[in-house]
Amino acid sequence: MPTRFWLSLSLSVLVTAPAADAQSVQSVLQSTATAMGMENLTSIRYSGTGWQGRVGQNVSPDQDWPRVDLTSYTRTIDFDTMSSKEEYVRAQGNTGEVTNLVSGDYAWTLDAQGQPVPQPEAAELRRLEILLTPWGFIKGAMAPGANPSMVTRNEYGGRSTVVSFVAFGKYRINGTINPQGLLERVQTWVPNPVVGDMYYENVYTLYREVGGVQIPRFHQHQDYDDGAHIPNVSGGDHAFGLETVSELQANAPATLSVPGNVMAARIPTIRVESQRLGDGVWLIAGGSHHSVAVEFADYVTIIEAPLNEERSLAVIDEVNRLIPRKP
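For the sequence shown, the working numbering begins at 70 and goes up steadily by one.
Following this line, the structure appears as structure tokens:
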């Protein structure tokens with residue numbers, strides 16, 4: 070399960086101070102980078118133990134996601150090339166080591182024999198997760214063209230700063246910086262086939278210095294919340310936790326070579342097939358989830374928009390072909 074890590078500014082953010090000018094934002098980001106020991110950081114590797122939450126698999130709404138212990142966890146990130154290698158072993162299931170990789174637009178995993186298996190559909194989320202790490206967020210916000218904005222709010226009895234920027238042209242990422250100049254939370258939203266836009270939050274606490282770099286305790290939440298609460302490691306819907314970091318190496322070797330079969334892989338084209346069921350009624354199929362189009366005198370209704378926006382747009386295109394000139 071990829072480590073993950075989405076957006077919603079709380080009302081308290083929106084009603085506080087107006088956005089600061091770009092120079093003020095960059096000054097705050099630079100001060101945070103200094104406080105976190107990032108001045109010369111180009112890559113990082115950290116290891117520890119923790120757990121994963123099985124997102125969406127709780128047996129009742131009042132219970133947390135079920136957890137699987139991680140007996141080992143290592144992540145290596147190259148910020149310049151937007152590359153990441155995530156390796157972990159689950160205590161339960163006897164599944165062996167899992168390895169998830171991304172380099173730019175290419176994502177893959179390794180099978181039991183260590184051979185690369187392309188995962189092109191996972192590349193964007195894995196790159197986003199790099200920006201949701203404490204160091205990746207600061208680097209992403211300071212990158213040319215990021216155009217970050219900033220507001221302040223009261224939190225924990227003091228003033229905290231929220232910096233926000235848009236990644237990849239569509240993911241609004243908010244980062245909360247505490248009065249000590251450390252990043253304590255990142256928020257965004259990501260597409261989910263069940264709930265649509267799903268809240269994605271990383272909370273960082275208990276920072277300590279290792280080799281001049283600040284490393285926190287990691288907690289990730291994936292849930293249906295709106296992000297209006299204060300940073301909280303016990304709020305439920307926990308998706309990932311790195312409780313103990315035993316090793317950190319700054320500027321670790323992190324270059325990844327993309328295998329040939331991974332470079333050649335493409336996200337499968339969305340297939341849409343239609344079947345007339347009766348007068349004015351069509352089954353829109355062709356994938357794992359189907360829709361039904363019903364024609365009325367002045368308009369068309371599509372029943373069920375499954376999976377994601379790409380599938381929905383393909384279904385709409387097919388309905389427009391079948392029943393042109395009707396909204």
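Glycine included, C-beta positions come from ideal geometry on N, C-alpha and C.
These numbers were taken from a predicted model, which means no experiment stands behind them.
Query, Result
"Residue from Tyr-273, Gly-265, Val-128 with nearest C-alpha to Asn-247", "Tyr-273"
"Range covered by the alpha helix (DSSP H) that runs through Phe-234", "It is not in any alpha helix (DSSP H) - Phe-234 instead sits in the beta strand (DSSP E) that spans 227 to 236."
"Proximal residues to Glu-373 (C-beta, below 8 Å), its chain only, five neighbours per side dropped", "His-358, His-359, Ser-360, Val-361"
"Exposed unless 16 or more other CB atoms sit within 10 angstroms - verdict on Pro-71", "For Pro-71, the predicted model reports a pLDDT of 44, less than 50, meaning its position is unreliable and no value from the coordinates is stated."
"Local Cβ density within 10 Å of Gly-214, reported as buried at 16 or more and exposed below that", "exposed"
"Cut-off 6 Å between Cβ atoms - residues of its own chain near Met-211, not counting five sequence neighbours on either side", "Leu-98"
"Lys-395, DSSP secondary structure in three states", "coil"
"Start-to-end residues for the beta strand (DSSP E) that takes in Arg-335", "No beta strand (DSSP E) holds Arg-335; DSSP gives it neither H nor E."
"Coarse secondary structure for Gln-99, derived from DSSP in three states", "helix"
"CA-to-CA distance, Glu-270 to Trp-258, given in whole angstroms", "8 Å"
"Backbone secondary structure at Ser-129 - three-state DSSP", "coil"
"Nearest neighbour of Ser-321, chosen from Tyr-240, Gly-227, Leu-110, Gln-95 [CA to CA]", "For the sequence presented, residue 321 should be read as Ala rather than Ser. Comparing Cα-Cα distances from Ala-321 to each of Tyr-240, Gly-227, Leu-110, Gln-95, the minimum goes to Leu-110."
"Bridge partner(s) assigned by DSSP for Phe-309", "Gln-121, Gln-289"
"Contact check, Leu-197 vs Tyr-240, beta carbons under 7 Å", "yes"
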